[in-house]
Amino acid sequence: MNIYHLPTIKRIVAATIISLSIASCGSSEDTSATVASHLERSNAYSKQGQYRAAIIEARNIIKKDPANNLGFEQLAKTLNEVASYRGVVSSLEAAPGPLSTDSLLLMAQAYAHLAKFTSASEALAKYKANKGTNWPVSVDILEAKIAAGQNQSDVAHQLINKVILANPNNPEAENTLTQLYLKEGNFTAALNSNNKTLSHSPSNPEALFLSANLAYQKNDLAKAEEQLTNALIELPETDIMLPIRVATLTQLARVLTEQGRSSEALIYTKLLAEANPESTQASQQFQQALKLLKENELEQAALLLAEINENYPNNEATSIYLGLINLQQGNPEQADAFFAHNIDAESANPQLIQAIVATKLQLQKINEALDILEQALKSNPDNIELQKIYAVTALDSDTRKNKGIVLLEKLIALDPSNAELQATLINHYLNNNKVEIALAKLEHMLKEHPDNIQLTSLYSDALLKEGSKAEAQQAIDALLASRNRDTESLIVAARHSIKLKQQPQANKLLTQALKASPNNIEALSILGGLALSNKESDQASGYFQRFIEAAPNNPIGYRGLLTAMAQQQQTEQGVKKIQQYKKIFQDKTQTPQYVLAEYYLANQQLDIAAKELPQNGKLQQQTDYQRKVTSQVLYQQFKLSVSQKQWPQARKQLMQTIALTPNNETLTAELINLETLQGNNKEAEELIELAKQQFPNNTTITLAEANLLSKNDNNQAAITLLSNAWDNNPDPRIASAMTGLSPANSDERSAWLARWLKLQPQNPTPHFVAASDAQQADNKPLAISHYQQVVAVQENNIAAQNNLAWLYFETKNPKALTHGAIAVKLAPSSPAVLDTYGWIEWHMGDKAKGKAALKKAAELAPDNEEIQEHYQQTR
Numbered sequence: 008m009n010i011y012h013l014p015t016i017k018r019i020v021a022a023t024i025i026s027l028s029i030a031s032c033g034s035s036e037d038t039s040a041t042v043a044s045h046l047e048r049s050n051a052y053s054k055q056g057q058y059r060a061a062i063i064e065a066r067n068i069i070k071k072d073p074a075n076n077l078g079f080e081q082l083a084k085t086l087n088e089v090a091s092y093r094g095v096v097s098s099l100e101a102a103p104g105p106l107s108t109d110s111l112l113l114m115a116q117a118y119a120h121l122a123k124f125t126s127a128s129e130a131l132a133k134y135k136a137n138k139g140t141n142w143p144v145s146v147d148i149l150e151a152k153i154a155a156g157q158n159q160s161d162v163a164h165q166l167i168n169k170v171i172l173a174n175p176n177n178p179e180a181e182n183t184l185t186q187l188y189l190k191e192g193n194f195t196a197a198l199n200s201n202n203k204t205l206s207h208s209p210s211n212p213e214a215l216f217l218s219a220n221l222a223y224q225k226n227d228l229a230k231a232e233e234q235l236t237n238a239l240i241e242l243p244e245t246d247i248m249l250p251i252r253v254a255t256l257t258q259l260a261r262v263l264t265e266q267g268r269s270s271e272a273l274i275y276t277k278l279l280a281e282a283n284p285e286s287t288q289a290s291q292q293f294q295q296a297l298k299l300l301k302e303n304e305l306e307q308a309a310l311l312l313a314e315i316n317e318n319y320p321n322n323e324a325t326s327i328y329l330g331l332i333n334l335q336q337g338n339p340e341q342a343d344a345f346f347a348h349n350i351d352a353e354s355a356n357p358q359l360i361q362a363i364v365a366t367k368l369q370l371q372k373i374n375e376a377l378d379i380l381e382q383a384l385k386s387n388p389d390n391i392e393l394q395k396i397y398a399v400t401a402l403d404s405d406t407r408k409n410k411g412i413v414l415l416e417k418l419i420a421l422d423p424s425n426a427e428l429q430a431t432l433i434n435h436y437l438n439n440n441k442v443e444i445a446l447a448k449l450e451h452m453l454k455e456h457p458d459n460i461q462l463t464s465l466y467s468d469a470l471l472k473e474g475s476k477a478e479a480q481q482a483i484d485a486l487l488a489s490r491n492r493d494t495e496s497l498i499v500a501a502r503h504s505i506k507l508k509q510q511p512q513a514n515k516l517l518t519q520a521l522k523a524s525p526n527n528i529e530a531l532s533i534l535g536g537l538a539l540s541n542k543e544s545d546q547a548s549g550y551f552q553r554f555i556e557a558a559p560n561n562p563i564g565y566r567g568l569l570t571a572m573a574q575q576q577q578t579e580q581g582v583k584k585i586q587q588y589k590k591i592f593q594d595k596t597q598t599p600q601y602v603l604a605e606y607y608l609a610n611q612q613l614d615i616a617a618k619e620l621p622q623n624g625k626l627q628q629q630t631d632y633q634r635k636v637t638s639q640v641l642y643q644q645f646k647l648s649v650s651q652k653q654w655p656q657a658r659k660q661l662m663q664t665i666a667l668t669p670n671n672e673t674l675t676a677e678l679i680n681l682e683t684l685q686g687n688n689k690e691a692e693e694l695i696e697l698a699k700q701q702f703p704n705n706t707t708i709t710l711a712e713a714n715l716l717s718k719n720d721n722n723q724a725a726i727t728l729l730s731n732a733w734d735n736n737p738d739p740r741i742a743s744a745m746t747g748l749s750p751a752n753s754d755e756r757s758a759w760l761a762r763w764l765k766l767q768p769q770n771p772t773p774h775f776v777a778a779s780d781a782q783q784a785d786n787k788p789l790a791i792s793h794y795q796q797v798v799a800v801q802e803n804n805i806a807a808q809n810n811l812a813w814l815y816f817e818t819k820n821p822k823a824l825t826h827g828a829i830a831v832k833l834a835p836s837s838p839a840v841l842d843t844y845g846w847i848e849w850h851m852g853d854k855a856k857g858k859a860a861l862k863k864a865a866e867l868a869p870d871n872e873e874i875q876e877h878y879q880q881t882r
């Protein structure tokens, strides 16, 4: 794929920070507004549940009077109401003067919610010292929570019971006691405490939520659903989805899933995924993240932004920055998810457009990228950078390729010395076998840009294709000389040597590159790969261990190390080394755990793989690789549960997988098929309607709908549905389904098989179906022809080899012996295969071998009359 050089994260951030900072402070501010008016409006907005506006007003106070604590404390107060506790702490820490007494309490509460109980205790002590002896009951409750958090259970009980004794029927105190009992595993006491609270406060949302969780633990799903629904009714409507609402919706989705009501659960899952409370862009934490971005401290900035996004998913500003960071860090799927619905192509900064297009290109979403660029160019028709990207991207589109070539040639005419554009056009010529034109342009461009890596790589590759090895080497030598044998040029030269199968020279060049850049992971990776190919396992292990130390977040090093150790028959030692790295980097990365999970999954050890996955991993902080491994493990758990007919567990695991990748039509179709398999037709129908809205005209969803119709003996409706879908999009999967729905050897089935084979002539599956039909119709020549096509692609296809052997036997062709022997080698314990092979050997080959095979088949299948008869005939 051609991807034009795009700006770095630092450049994009610099270009967008002004507009986003302005957005965070609100628009059309009245310059005559006083701090008092901002404060009044902030409080009013908070009372109305309009927290976005309340936070912006608090931020305006800080902007108006940054030397005053008032704005920082108002911001902290508002953030506390929406449970943004890290924001509370960062706002108060940034306050220029000593904190007020109330803010000390806010700080203590925030620390407690963040499980920083020592800090919470210290802040609470300061509050009490300032306040004197007259403080609200919430302070005593907080003190009990801190004691519980410090595992001082007896102290916590004493404190909370004292509060309840002095303040009967206080729901906050009683809810704390219920939570304390739950933490201790005292279910009966927790239930009694919760029932008492609900007796006098039946509308308390937290008590209802606790009641639902207690019911869920008793597997009383109906009551859990009722109490969660009641809690939702009692929760206030706010412009920000508060954490208790998030928790309630999450638990409700879980309960509905376990009740088999997948369609309703899916609605809540997607509601949570699409929640867009925004507003934290005005917080001190967000400002700190922006500062880190300016300083190019991407990892620290990403952690701060992820924390914000965890509580406030899909916030426009945080989502954009997280998208940019993930793009820079090589997580395009995550970047795409953050960018989705947060960038308007017609109004966005052109450099942001470049970022989102780069993301789409890495994900092979060419047409989506071009659509975005066309929208952007309507508003920025003279933007050369967008034109360049469009021209380059269009070269990979079948429908817009010519438009891209014309625009590219126009841009080159305006700037003939532009090496990147020239390289793109030259690469296009090479891919279309216009080598002479490409070489001429390359020779001309290299005179102007002798140190250009991309042009030299293209030139040397083109010369190698032409067989001009000496000239290609001269080009590489010239590059090394022009760049003073820097790391990048040495790596290019090493890759060139590998193409010439000159591995010693490649090793030498890469070793020189590492002297200049000891932690260059590209050089380490190539050297590790070369060592593996030469069975130099010790060297490979060394290179990959250096790779791990240089880039502990990158799975390549761990994978390479495992491969090297396996090559030495030391797989267990390799696994132990990865486990050691897991401990070494436990505060830096969780990548080793995911690599181990991936390893165990590949080795059919699903239970161990699941245990390796971090149990407390935050999805917002996972890389694309980590999310991929997690979803793979969950999906295999789902498949296992289905095979064992553990339907509730299967549904739960599939919903967890969908939560990781909510826009995956295949998983949605799996959910529909799961409900169909269980006979939950109403659920399946409702899921289909939801899926049609999310994935209009999607073949995967259409196939799931056809499956539902077929399972309910409505084949004609399924056939009509699939026929209409075929007219819109001739997909081989539709042909496959239609073949399955049509009677064997019918005209309809033959017609669909022909369509299928025309679309996928090398696919063994339609050939196998055609062969089986022909064999059933006693058309031996046609059956043999199709079975030959199958085994040509799938030599290990037992059924095809076995059936082909029998057909050759029936036509007295000695090839029967060959294919029979292959089949029995593949399935030495299959009675049917042994019977075929033995019968053929008895009649056409070695009678002793034949008798032995038939005897074994008879022993394995004592109740099969045909096999027993064959064996008796040899005695």
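Residues 8 to 882 in the numbering used here are what the sequence shown lists, from first letter to last. From the three backbone atoms N, C-alpha and C, an ideal C-beta is built for every residue, glycine too.
Can you name, in chain order, every residue of its own chain whose Cβ lies under 7 Å from the Cβ of V602, other than the five neighbours on each side?
-> Locating residue 602 in the sequence shown gives position 595, where the first residue counts as 1. Excluding its 5 nearest sequence neighbours in each direction, V602 has C-beta neighbours in its own chain below 7 Å: P562, Y565, R566 and I585, listed in chain order.
Beta-carbon separation of R407 and L368 under 7 Å?
-> Taking the sequence shown and counting its residues from 1, the one referred to as residue 407 is at position 400. Taking the sequence shown and counting its residues from 1, the one referred to as residue 368 is at position 361. Result no, Cβ atoms of R407 and L368 do not sit closer than 7 Å.
Please list, in chain order, all residues of the same chain as Q552 whose beta carbon is under 7 Å from its beta carbon, the five residues on each side excluded.
-> Residue mapping note: residue 552 aligns to position 545 of the sequence shown, counting from 1. Closer than 7 Å at Cβ, skipping near neighbours: L568.
Whole angstroms is fine: what's the gap from A713's alpha carbon to A676's?
-> By one-based count along the sequence shown, residue 713 stands at place 706. By one-based count along the sequence shown, residue 676 stands at place 669. Going from the Cα of A713 to the Cα of A676 covers about 11 Å.
Going by CA-CA distance only, name the one from I498, A784, I373 and L437 that's closest to P750.
-> Looking up residue 750 in the sequence shown gives position 743. For P750, the nearest C-alpha among the options comes from A784.
If you run the structure through DSSP and keep just helix, strand and coil, what is S91?
-> Numbered from 1 along the sequence shown, position 84 holds the residue referred to as residue 91. Three-state DSSP puts S91 in coil, outside helix and strand.
Just the C-alpha distance for K454 and P559, rounded to the nearest angstrom, thanks.
-> The count along the sequence shown starts at 1 and reaches residue 454 at position 447. The count along the sequence shown starts at 1 and reaches residue 559 at position 552. Distance between the alpha carbons of K454 and P559: 41 Å.
Would you mind stating whether K448 and I460 have Cβ atoms separated by less than 7 Å?
-> Looking up residue 448 in the sequence shown gives position 441. Looking up residue 460 in the sequence shown gives position 453. One thing to note: K448 has its Cβ no nearer than 7 Å to the Cβ of I460.
Who are the near neighbours of T772 in its chain, counting only those whose CB is closer than 8 Å to its CB and skipping five residues on each side?
-> As a position in the sequence shown, residue 772 is number 765, starting the count at 1. Closer than 8 Å at Cβ, skipping near neighbours: S743.
Nearest CA to the CA of S544: which residue from I274, A571 and E529?
-> Stepping through the sequence shown from its first residue, residue 544 is reached at position 537. Taking only the C-alpha atoms, the option nearest S544 is A571.
Could you tell me which of K689, V364 and A828 sits nearest to E375, measuring between CA atoms?
-> Residue mapping note: residue 375 aligns to position 368 of the sequence shown, counting from 1. It is V364.
Only counting runs of 3 or more residues, tell me where the beta strand (DSSP E) segments fall wholly within the stretch 365 to 418, in order along the chain.
-> The stretch 365 to 418 contains no whole beta strand (DSSP E) run of 3 or more residues.
Backbone CA spacing between L415 and A445 [nearest angstrom] = Position 408 of the sequence shown, counted from the first residue, corresponds to residue 415. Position 438 of the sequence shown, counted from the first residue, corresponds to residue 445. Within the model, the alpha-carbon separation for L415 versus A445 is close to 15 Å.
Extent of the continuous alpha helix (DSSP H) run through A500 | The residue labelled residue 500 in the question sits at position 493 within the sequence shown. The continuous alpha helix (DSSP H) containing A500 extends over residues T494 to K506.
Own chain partners of G581 with C-beta closer than 7 Å, once the 5 adjacent residues on each side are dropped = Within the sequence shown, numbered from 1, the residue matching residue 581 stands at position 574. Cβ within range, chain order: L568, L569, M572 and A573.
Can you grab the Cα-Cα spacing for the pair A806 / R882, in whole Å?
-> Within the sequence shown, numbered from 1, the residue matching residue 806 stands at position 799. Within the sequence shown, numbered from 1, the residue matching residue 882 stands at position 875. Those two C-alpha atoms are separated by around 28 Å.
When DSSP labels each residue in this structure, what does G337 get in the three-state scheme?
-> If you number the sequence shown from 1, residue 337 lands on position 330. Reduced to three states, the DSSP call for G337 is coil.
Residue nearest to N731 in terms of C-alpha spacing, selected from D754, N705, G845 and K169 | Working through the sequence shown from its first residue, we reach residue 731 at position 724. Selected option, being the one with the closest Cα: N705.
How far does the alpha helix (DSSP H) with H793 in it reach, from first residue to last?
-> The residue you call residue 793 lines up with position 786 of the sequence shown. Taken as a continuous stretch (DSSP letters only), the alpha helix (DSSP H) holding H793 covers K787 to V800.
May I ask you to report which of helix, strand or coil DSSP gives H45?
-> For the purposes of this step, residue 45 is identified with residue 38 of the sequence shown, where counting begins at 1. Looking at H45 - three-state DSSP - the assignment turns out to be helix.
Is P737 helix, strand or coil by DSSP?
-> Reading the sequence shown from its first residue, position 730 is the one you call residue 737. Residue state, collapsed to three classes: coil.
Counting only the same chain and skipping the five closest in sequence on each side, list residues whose C-beta sits under 7 Å from that of K863.
-> As a first step, residue 863 is located in the sequence shown; it is residue number 856 there, counting from the start. Cβ neighbours of K863 beyond the five flanking positions: L841.
Looking at the structure shown, is T245 part of a helix, part of a strand, or coil, going by DSSP?
-> Within the sequence shown, residue 245 is the residue found at index 238, counting from 1. In the structure shown, T245 sits in coil (DSSP, three-state: anything other than H, G, I, E or B).
What number of angstroms, rounded off, separates the C-alpha of K652 from the C-alpha of H120?
-> If you number the sequence shown from 1, residue 652 lands on position 645. If you number the sequence shown from 1, residue 120 lands on position 113. Approximately 41 Å between the Cα atoms of the pair.
So what does DSSP say about G564, is it helix, strand or coil?
-> Position 557 of the sequence shown, counted from the first residue, corresponds to residue 564. In the structure shown, G564 sits in a helix (DSSP, three-state: H, G or I).
What did DSSP end up calling P261 once you bin it into helix, strand or coil?
-> For the purposes of this step, residue 261 is identified with residue 254 of the sequence shown, where counting begins at 1. The amino acid at residue 261 is misidentified as Pro; the sequence shows Arg. Helix.
Contact belief for A117 with L131 at Cβ below 8 Å, rounded distance in angstroms = As a first step, residue 117 is located in the sequence shown; it is residue number 110 there, counting from the start. As a first step, residue 131 is located in the sequence shown; it is residue number 124 there, counting from the start. Not quite, the Cβ-Cβ distance comes to about 11 Å (not below 8 Å), so this is no contact.
Which listed residue (K395, H207 and V162) has its alpha carbon closest to that of N182 = Numbered from 1 along the sequence shown, position 175 holds the residue referred to as residue 182. Nearest C-alpha to N182: H207.
Could you spell out the range, first to last residue, of the alpha helix (DSSP H) harbouring W142?
-> In the sequence shown, the residue the question calls residue 142 occupies position 135. According to the DSSP assignment, W142 belongs to no alpha helix (DSSP H), since it is labelled neither H nor E.
The alpha helix (DSSP H) enclosing Q116, as first and last residue numbers = Locating residue 116 in the sequence shown gives position 109, where the first residue counts as 1. Segment T108 to H120, the alpha helix (DSSP H) holding Q116.
If you check the beta carbons only, do G156 and F124 fall under 7 Å apart?
-> For the purposes of this step, residue 156 is taken as the residue at position 149 of the sequence shown. For the purposes of this step, residue 124 is taken as the residue at position 117 of the sequence shown. Against a cut-off of 7 Å, the Cβ pair of F124 and G156 comes out as a contact.
Between the stretch 245 to 257 and the stretch 81 to 93, do at least 3 Cβ pairs fall closer than 8 Å?
-> Note that the stretch 245 to 257 touches the stretch 81 to 93; at least 3 beta-carbon pairs, one per stretch, sit closer than 8 Å.
Helix, strand or coil for K863 per DSSP?
-> Start at 1 with the first residue of the sequence shown, and residue 863 comes out as number 856. DSSP places K863 in helix when its eight states are reduced to three.
When the Cα of E693 is compared with those of V640, L861, S270 and N220, which residue comes out closest?
-> The residue given as residue 693 occupies position 686 in the sequence shown. The candidate whose alpha carbon is nearest that of E693 is S270.
Under a three-way DSSP split, which group does A784 fall into?
-> As a first step, residue 784 must be located in the sequence shown, where it is residue number 777. Assignment of A784 by DSSP, reduced to helix, strand and coil, places it in the coil class.
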